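Numbering (my numbering), first residue to last: 295 to 700. Taking it in order: structure first as structure tokens, then the write-up.
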């Protein structure tokens, strides 16, 4: 009996010790995941802020200079910053997909514009490598509802990969739409892959033996496959060494009605004359750039490096919109929103606030639900800045109209 008790007690102690080790291991893994998440978000924000200045000032140079040499410099700056942004977005896409935070965003778009957008972005890259892009569109050129942003990301990742591994020759991209199915095919005359390489081509951080000198993390095709699955589509690859590769993507979309088609066609954004906008950002470089960009659009823009500067401005006159960075010195944009609504300074209780941020962990809906008119993600272009402002102003006008009806 004593031996049995001793054996039982020893076994119980062993089980308890193993349980404690498992719990400690689980806690350690959770801490590592949290550390990775925080590092990713911090790196994202810290890189996006200077990128905002680089890309914004490049746009300003293009708007103001007529000197051909300066335009060449501007184009080189823009291409380099675009590549930096692509690498950054690749890491963030992988993180969001890996943590299940990526969600489908349905918007109306014209099918053929998918092909046009891809050609505008990737033809200059192909030309630098003396690679020709051949393109074809077949099927119905109509307006559909789908996740345009991620469809472009999927096709862009595949097309970029095809250009990268084609030393000479051509890359063919075809887009076809029929029966609520969008089919994108990318075929290259590059190095091709053997069976073993084809099996691991979609694995994260997978790089082919001949890719050591190529830019990137080896995540492009892995992200493309994950996004295709997110959109409930399918991706296939055929490849032979020395004969290139062919990728085929099929994605279900929904054909739009007349109202959706009209919405997709209304893509020209104009801002009303005499618009008064205050920008709040403790990054003085980004602040000056944003004020300069808006001034070029005939907007009466003022920059406020601190919240106190904003309050001083608002005591002097009302504003149609306030654009505020979310990460301010000693205060967040959410705190500023609450302060303005509680205060009685000018039109502080009613002026719309547009959030501006380099962090990507929050969705646009989170800012809208908190009381902002929208969210502008850094870095942004002229077009994105103008669109975000127009959306904020239009939203405020619609709210005023509804109030009058009541």
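For glycine and all other residues, C-beta sits at the position ideal for the given N, C-alpha and C. Predicted, not measured: the structure shown is a model, and the values here were computed from it.
Proximal residues to residue 462 (C-beta, below 6 Å), its chain only, five neighbours per side dropped: Cβ neighbours of residue 462 beyond the five flanking positions: none.
Pairwise C-alpha distance: residue 372 and residue 378: Between residue 378 and residue 372, the C-alpha separation is close to 10 Å.
Where residue 341 sits in the DSSP three-state scheme: The DSSP-derived three-state label of residue 341 is helix.
Nearest-angstrom Cα separation, counted from residue 406 out to residue 516: If you take the alpha carbons of residue 516 and residue 406, they lie about 25 Å apart.
Boundaries of the alpha helix (DSSP H) in which residue 380 is found, first to last residue: Run containing residue 380: 362 to 392, per the alpha helix (DSSP H) assignment.
Distance CB(residue 591)-CB(residue 565) smaller than 8 Å: Contact flag set, yes.
Of the residues 545, 540, 656 and 448, the one placed nearest residue 487, counting alpha carbons only: Per the Cα distances, 540.
Residue 519 classed as buried or exposed, judged by whether at least 16 other C-beta atoms fall within 10 angstroms: Burial check for residue 519: the Cβ neighbour count within 10 Å reaches 16 or more, so the residue is buried.
DSSP state of residue 546 mapped onto helix, strand, coil: Secondary structure at residue 546: strand, using DSSP grouped into helix, strand and coil.
Helix, strand or coil at residue 313 according to DSSP, with G and I counted as helix: In the structure shown, the three-state DSSP call for residue 313 is helix.
Residue 521 beta carbon less than 8 Å from that of residue 448: Yes.
Length of the line joining the Cα atoms of residue 506 and residue 354: Unreliable positioning characterises residue 506 in this predicted model, as indicated by a pLDDT of 42, which lies under 50. The coordinate reading is nonetheless provided below. The straight-line gap from Cα to Cα measures roughly 36 Å.
Nearest-angstrom Cα separation, counted from residue 350 out to residue 359: If you take the alpha carbons of residue 359 and residue 350, they lie about 14 Å apart.
Alpha-carbon to alpha-carbon, residue 314 and residue 306: In a straight line, the C-alpha of residue 306 is about 12 Å away from that of residue 314.
As assigned by DSSP and simplified to three states, the class of residue 436: Assignment of residue 436 by DSSP, reduced to helix, strand and coil, places it in the coil class.
Contacts around residue 398, its chain only, beta-carbon distance under 8 Å, and the 5 residues preceding and following it disregarded: Hits under 8 Å: 441, 444, 524 and 525.
Bounding residues of the alpha helix (DSSP H) (the contiguous stretch that carries residue 396): Per DSSP, residue 396 belongs to no alpha helix (DSSP H) and is neither H nor E.
Cβ contact check for the stretch 529 to 548 and the stretch 471 to 486: 3 or more pairs under 8 Å: With a cut-off of 8 Å on Cβ pairs, the stretch 529 to 548 is in contact with the stretch 471 to 486, counting three or more such pairs.
Between the CA atoms of residue 382 and residue 567 - distance to the nearest angstrom: Going by the C-alpha atoms only, they are around 36 Å apart.
Beta-bridge partners of residue 471, as assigned by DSSP: In the DSSP output, where bridge partners are listed per residue, residue 471 has 433 and 476.
Pairwise C-alpha distance: residue 400 and residue 415: Distance between the alpha carbons of residue 415 and residue 400 is about 22 Å.
Beta bridge counterpart(s) of residue 595 as assigned by DSSP: Paired residue(s): 571.
Separation of residue 594 from residue 329, as counted between CA atoms: Looking at the two C-alpha atoms, the distance is approximately 43 Å.
Reference residue 670, options 625, 617 and 637, closest by Cα: Checking every option, the nearest Cα to that of residue 670 belongs to 617.
Residue 457 and residue 419 closer than 8 Å at C-beta: A contact, by the Cβ cut-off of 8 Å.
Proximity to residue 653 [Cα-Cα], best of 587, 606 and 346: Answer by Cα proximity: 346.
Given residue 498 as reference, the closest of 514, 489 and 626 once Cα atoms are compared: Taking residue 498 as reference, the option from 514, 489 and 626 with the minimal CA-CA separation is 514.
Cut-off 7 Å between Cβ atoms - residues of its own chain near residue 666, not counting five sequence neighbours on either side: The residues are 631, 647, 648 and 649.
Minimum Cβ-Cβ distance from residue 587 to chain B less than 8 Å: Checking the listed chains, one finds no chain B in this structure; it contains a single protein chain.
Contact under 8 Å by Cβ, residue 613 with residue 570: Yes. Within cutoff.
Neighbourhood of residue 623 by C-beta, 8 Å cutoff - its chain only, sequence neighbours within 5 removed: Counting only Cβ-Cβ distances below 8 Å, and skipping sequence neighbours, we find 576 and 600.
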